[in-house]
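These notes concern the structure reproduced below.
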Amino acid sequence: MTRDKLKNGRLVAVFLIGLVLFNYPLLSLFNMDRLFLGVPLFYVYMFAAWLAVIVLTAWITRGRS
Amino acid sequence: MLQTGVILLCSFGYIGILFAIAFYGDKAAESGRSIISNPYIYALSLAVYCTAWTFYGSVGRAAETGVGFLPIYIGPTLMMTLGWLVLRKIIRISKSHSITSIADFIASRYGKSSVLGGIVTVMAVVGVVPYIALQLKAISASYLLIKHYPHLGSAQLFSDIPVFRDTAFYVAMMLAVFAIAFGTRNLEATERHEGIVAAIAFESIVKLLAFLAVGIFVTFGLFRGFGDIFSRAGAVENIRRLWTMDTSAAAYSGWSMYIFVSMMAVLLLPRQFQVAVVENVDEKHLDKAIWLFPLYLLAINIFVLPVTFGGLLRFAPGSVDADTFVLTLPMAAHREGLALFVFIGGLSAATGMVIVETMALSTMICNDLVMPVLLRIPHPFFSRQKDLGGLLLAIRRGSIVLILLMGYAYFHFIARFLALVSIGMVSFTAVAQFAPAVIGGIFWKRGTRAGALWGLVGGFGVWAYTLFLPSLAEAGLFSGRFILEGPWGIGLLRPYQLLGLDIGFTPTDHIANAVCWSLLINLAGYLGGSLFSRPTALEHAQAALFVDIFRKAPVVDRTSLWRGETSIRELQALLARFLGEKRTLEALQQYAVRHRFSSVEKIPADAGFVTYAEQLLAGTVGSASARVLVSSVAKEEPISIDEVMDILDETRQAIAYSHRLEKLTVELRAANERLQELDRMKDEFISTVTHELRTPLTSIRSIAEILSENTNLPPEKQRAFSAIILKESERLSRLIAQVLDFQKMDSGMMEWRVTDIDALGVIGDALNATRQLIQEKRIHLETFVASDLPRVRGDRDRLIQVMVNLISNAVKFCPDHGGRIVIRATTDGDHLRVEVQDNGIGIQPEDQKIIFEKFRQIRHSGRGRPPGSGLGLAIVKSIIDHHGGRIWVESRPGQGATFCFTLPLSRND
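In order, the protein sequences belong to chains A and B.
What the first sequence shows, in this note's numbering, is residues 667 to 731, in sequence order.
What the second sequence shows, in this note's numbering, is residues 162 to 1070, in sequence order.
Written as structure tokens, this is what we have:
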């Protein structure tokens, strides 16, 4: 049960991180007309942050089934 | 290869494959080898979220707003991170209450209310039918497009096709057949449909592959990779503006509203509820699904931007609708095979959604709309009809056809005039209205039926006014003047700018406004209604059962809330009317076995069995109807709210009591551990003491032996030997005295002779007693004693003992050469303070506390145990404590130790 609670807490933390990453004001830092490695910076940020949330979730729920 | 015949053959062939997979899935389930019972299939089935709107509409939206298509997928990703908190709870509740739809969930939570169930069903149907129409529109439009190959027409070319020559109509009918065949094959208490889930998972693979195929083709076939597309797109001013979003507050809040609405939709859309909750085989599948499903969403969106920019670069502005780029790009490049594959991909996205959505809606219409009404009609047909199972199935089948016809009608008369994306968001906003009732319902016990009702009706009303009616007006059903001018010319009431609020991702976007107002009203209604109404007993009970679902011992035993009388025969007959004789008997036998009754006849018609029967029925006809049915045969006595509160209270007390017990257990365990530790220390002490006693004894004995055997020893030798005997016996008696002292002190039998004493004298006596020791080791001694030391009250002998002990300790630990001891005595406020400092090996910080405990000796690496009983310091501490003083040690390893103690000064001074 405590392990479940820990996992739950971590996932909620990821959710909060996600909320921050995908909302104003953090969003505005990347909302600019610029290229990053040939791809618009804003898009790179979106997909990178998105992938980060997924990877974190996967990492937290990994292993033992 | 894109002749009409080939296209139709492929389309219907594809649907044929779906039939085959669903058939195989059902067969496998019947024989007990589930093919869907793994997290991968579960995650793929969740991807029914991606409809034709994703498949075609994402590109269309990206062409208009750049990143504006993303919130619809980021929202679900965020919701999935809460999967463990929210979704798992909903799944657990639904399993334990046999809940089979979102309407049933809300109805059951708020006291099995058929009114709520009905309202939610109506809202879901009105909200979602346009969304189904959107899928039909996508199928129809893509078919017309690909049929006219190699001509690239605009998608809006379905002007006036008669219904019976319209492919969309036939597709709709085929989907109805599919949903009927696999969604309503028989009445299952669990409402699980493994065949359909298998087919949906397959469709998810097809649409993903199709989209990836066209994405790779555009990115690496038509262009030379991502960099190439973006650098070319960057050169066109009109495309470059899509690289960023508007920086206004309206745009950012619109963005956030989109994320929020999508979060709610992925949980509350009837089809998502169906696949995520009802069709869930095992909660544990969530573990993988909560990141696999978002990964799927990410994968299907990676190529949206390249395809968008590819299309914008390839086609002259306005010549081709961006909604169709996915299909028109391969067509323009004459990749017929790829175009066909993309068409099938779009078909899979659309059909998957339509199948699950109609099935979920039909269950809701049957259980939460039609049945509650039928059960209240006092017609002899319903009371006499032996088997109502057939009727139920007929209602469901009828509603599937009805929903698809409604969808088709909406498409035929309205949807074709609207853009793909706006229809989808309108539906999302409609189902988001369930959020307060559902989320509040599983976390907040105080939420009541009245609150849910107010919230839902209010939110739905605002939704209808700000989104639904305007969309009908825009489609030309009635005059749209109220959109621009407001009803009766009142500007503040303009639906798209209600009360003047105008937020949105783009200036023409009205969704965010509607989301904001409808949910505000909804939430206000829910909270207000809940706080200003009194829940009934049943509501109370359901609220506790829902909110506390994870408690090990349920707060309320469901059976304790039922009182009344009925007979097993009546209940059995009732069950048989809905489940059939055979299934009823099976269910009763299961119950008998589980509760150890020898036969079905022996089952008592008690509260436990009535609850079981109601739950069996709830799986088939919904919780509200089941409630009505059971109470029709069971003569229930109404249970009052006070009685429920009593039951709750008793349980609460029991819980509090068990908490206290738990705490006590912990304390006991700690005490026990402490005792064991003491026991261990005592053992160690005894072994130390006996060892210490034996050393002098051994030497005395061996010397005595020498003396008795060698009578002619020279006198000086004899003297030396007797001196040793003397010294060793003194040591012995000292040790014994120490043990006795300690024992006395420990048991409080020590006699204290308290007088006013002079500290200087005490120190002097102690130094005299230890002078020998100090000189033997050639230790340099310094004393700093203030000459005007005041007197203290205490037992002089004991205090000398303290000083002697501390000094001999210091001597013991001083190095063999260059040893140095400093003794200081000062007054410190109303205390006398004495310090004994040595320059020995010092004491580790972790040992500084424990050296004053009984039987403790510090072990030093390499030096073993220091000589002594381990009682000296404990005795010292006892004496100082008895005098109301304090003793401690200050030391750093390697730099010596300073033992300090204080004693209160004599009062009469």
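Positions of the beta carbon are idealized from the N, C-alpha and C atoms, including for glycine.
Between residue 284 of chain B and residue 591 of chain B, the C-beta gap is smaller than 8 angstroms, which places the two residues in contact. The DSSP-derived three-state label of residue 997 of chain B is strand. Rounded to the nearest angstrom, the gap between the Cα atoms of residue 206 of chain B and residue 439 of chain B is 12 angstroms. Rounded to the nearest angstrom, the Cβ distance from residue 610 of chain B to residue 331 of chain B is 44 angstroms, too far for a contact under 8 angstroms.
Per DSSP, reduced to three states, the secondary structure at residue 1052 of chain B is strand. For residue 573 of chain B, the uninterrupted alpha helix (DSSP H) run begins and ends at 550-574, by DSSP.
Taking residue 599 of chain B as the centre and dropping the five residues before and after it, the same chain places the C-beta of 266, 267 and 429 closer than 7 angstroms to its C-beta, in chain order.
Scanning B:495, B:484, B:899 and B:372 for the CA closest to the CA of residue 846 of chain B turns up B:899.
Non-local beta-carbon contacts of residue 703 of chain A in its own chain, meaning distances under 8 angstroms to residues more than five positions away in sequence, involve 710 in chain order. Residues are counted here when their Cβ sits less than 9 angstroms from a Cβ of chain A; for the segment 452-477 of chain B these are 452, 453, 455, 456, 458, 459, 462, 463 and 466, given in chain order. In the structure shown, residue 700 of chain B falls within a helical segment according to DSSP collapsed to helix, strand and coil.
The C-beta of residue 680 of chain A comes closer than 8 angstroms to at least one C-beta of chain B. Among the residues facing chain A, residue 310 of chain B is not included, as its CB has no counterpart in that chain under 8 angstroms away. Residue 918 of chain B is outside the set of residues whose beta carbon lies under 8 angstroms from a beta carbon in chain A. Contact annotation for residue 724 of chain A against chain B: 452 [CB-CB distance below 7 angstroms, chain order].
Residue 235 of chain B belongs to the set of residues whose beta carbon lies under 8 angstroms from a beta carbon in chain A. Shown in chain order are the members of the segment 397-409 of chain B whose Cβ falls below 8 angstroms from a Cβ of chain A: 401, 404, 405, 406 and 408. For residue 917 of chain B, the enclosing beta strand (DSSP E) has its first and last residue at 915-919. Burial is judged here by how many other beta carbons sit within 10 angstroms of a residue's own beta carbon; residue 589 of chain B has at least 16 and is buried. Beta-bridge partners assigned by DSSP to residue 931 of chain B: none are found. Taking all protein chains in view, the Cβ of residue 376 of chain B is crowded by 16 or more other Cβ atoms within 10 Å, so the residue is classified as buried. DSSP, reduced to helix, strand and coil, places residue 992 of chain B within a strand of the structure shown. Per DSSP, reduced to three states, the secondary structure at residue 937 of chain B is helical.
If you ignore the 5 residues before and after residue 655 of chain B, its C-beta comes within less than 8 angstroms of the C-beta of 643, 644, 645, 646 and 647, all in its own chain and listed in chain order. Annotation: residue 692 of chain B has no Cβ neighbours in chain A at a cutoff of 7 angstroms; minimum Cβ distance is about 26 angstroms. CA-to-CA, the gap between residue 1006 of chain B and residue 1051 of chain B works out to about 9 angstroms. Within the segment 635-663 of chain B, the complete alpha helix (DSSP H) runs of at least 4 residues fall at 642-646.
Assigned with DSSP and collapsed to three states, residue 702 of chain A falls in strand. Residue pairing by DSSP places residue 943 of chain B opposite B:983 in a beta bridge.
Near chain A, meaning a CB-to-CB distance below 7 angstroms, the residues of the segment 413-424 of chain B are 413, 417 and 420. In terms of Cα proximity to residue 503 of chain B, the closest of B:707, B:865, B:372 and B:852 is B:372.
In the three-state reduction of the DSSP assignment, residue 442 of chain B falls in the coil class, being assigned neither a helical nor a strand state.
At a Cβ-Cβ threshold of 8 angstroms, residue 902 of chain B and residue 1036 of chain B count as neighbours. Distance from residue 472 of chain B to residue 481 of chain B at the Cβ level is roughly 7 angstroms; contact confirmed, criterion being Cβ atoms closer than 8 angstroms.
Taking every protein chain shown into account, the CB of residue 219 of chain B has 16 or more other CB atoms within 10 angstroms, so this residue is buried.
Within the segment 643-667 of chain B, no residue has its Cβ closer than 7 angstroms to any Cβ of chain A.
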